[in-house]
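Some notes on the structure that comes next.
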Amino acid sequence: MILVDANILLYAEDQLSPHHVAARSWWDAQLSKNSPVCLSGIVLGAFIRIGTNPRVFEHPLSLDQAISRVQSWLDQPCTRIVHPTERHWTVFRKMLLEGQAVANLVTDAHLAALAVEHGCELISTDSDFSRFHGIRWSNPLN
Numbered sequence: 025m026i027l028v029d030a031n032i033l034l035y036a037e038d039q040l041s042p043h044h045v046a047a048r049s050w051w052d053a054q055l056s057k058n059s060p061v062c063l064s065g066i067v068l069g070a071f072i073r074i075g076t077n078p079r080v081f082e083h084p085l086s087l088d089q090a091i092s093r094v095q096s097w098l099d100q101p102c103t104r105i106v107h108p109t110e111r112h113w114t115v116f117r118k119m120l121l122e123g124q125a126v127a128n129l130v131t132d133a134h135l136a137a138l139a140v141e142h143g144c145e146l147i148s149t150d151s152d153f154s155r156f157h158g159i160r161w162s163n164p165l166n
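Its first residue numbered 25, the sequence shown is counted upward by one per residue in my numbering.
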C-alpha cells in the first residue's frame, strides 16, 4: 500500500511544472492498478488549498475543478482514505520528537504517523521524510 503526499498530486495536475509529465504518468499508473492507493484528509485539503491558490499557480484550479479532481480519484476502486487510528497520538508524538518536527514539518510528522499506522509506503518528493525513523518512503520522480 502507498500513501501519497500532496506534492505528487499537485505536480500531476500542474501542466506548467517540470515534474508534470513524470508525476501524471506515475499517478495515472497507480490509479489503474489493483494495489491500494491511500490518501488522507490532510493531503486532500492541501491539494485543494494549494491548487486553488492564485499566488501559487498562474492558472489555479477553481474550487469546483479541485473538488471534481479529488472525487475522480476517490471514485477509483483502488483508492481509500486513511484516518488516524487509536494509536495515532503515540506514533505521531514519536515522529515529532525523533524527527524534531516543528512548524511546517508537523504535517509531515502527521503523514509519517499515518503511514506507519497503516503499513503504507509514503510517496513524496519531500526529502524531509528521511528524518522520520521507521517509515518507508520514496520519491517516484527521481
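By construction, the Cβ of each residue, glycine as well, lies at the ideal position given by its N, Cα and C atoms.
Per DSSP, residue i forms a beta bridge with which residues?
i	result
Glu145	Ile26 and Arg160
Ser64	Val106
Looking only at its chain, what residues have a beta carbon closer than 6 Å to the beta carbon of residue i, apart from the 5 residues adjacent to it on each side?
i	result
Val94	Leu68
Met119	Ala133, Ala136, Ala137 and Phe156
Glu145	Ile26 and Arg160
Thr103	Val61 and Trp97
Ile105	Leu63
Ala70	Ala30
Ala90	Ile72, Gly75 and Thr76
Return the chain-ordered list of same chain residues with a C-beta closer than 8 Å to the C-beta of residue i, the five sequence neighbours on each side being excluded.
i	result
His112	Ala137, Leu138 and Glu141
Ser59	Met25, Ile26 and Cys102
For residue i, name the three-state secondary structure that DSSP assigns.
i	result
Arg79	coil
Arg104	strand
Gly69	helix
Gln89	helix
Arg155	helix
Trp41	The residue you asked about is not Trp; residue 41 is Ser in the sequence shown. It is coil, neither helix nor strand.
Gln124	coil
Lys118	helix
Asp52	helix
Leu165	coil
Verify whether the separation of the beta carbon atoms of residue i and residue j is less than 8 Å.
i	j	result
Ser148	Asp29	yes
Phe81	Asp150	no
Ile66	Ala47	no
Leu85	Gly75	yes
Gln100	Leu55	yes
Taking only beta-carbon positions, decide if residue i is within less than 8 Å of chain D.
i	result
Leu121	Going by chain labels, chain D is absent from the structure shown, which holds only one protein chain.
Can you list, in chain order, the residues of its chain with a C-beta nearer than 7 Å to that of residue i? Leave out the 5 residues immediately preceding and following it.
i	result
Asp152	Leu129 and Asp132
Lys57	Cys102
Val115	Ala137, Val140 and Glu141
Is any heavy atom of the ligand ADP found at a distance shorter than 7 Å from the C-beta of residue i?
i	result
Arg73	The ligand ADP is not part of the structure shown, which contains no ligands of any sort.
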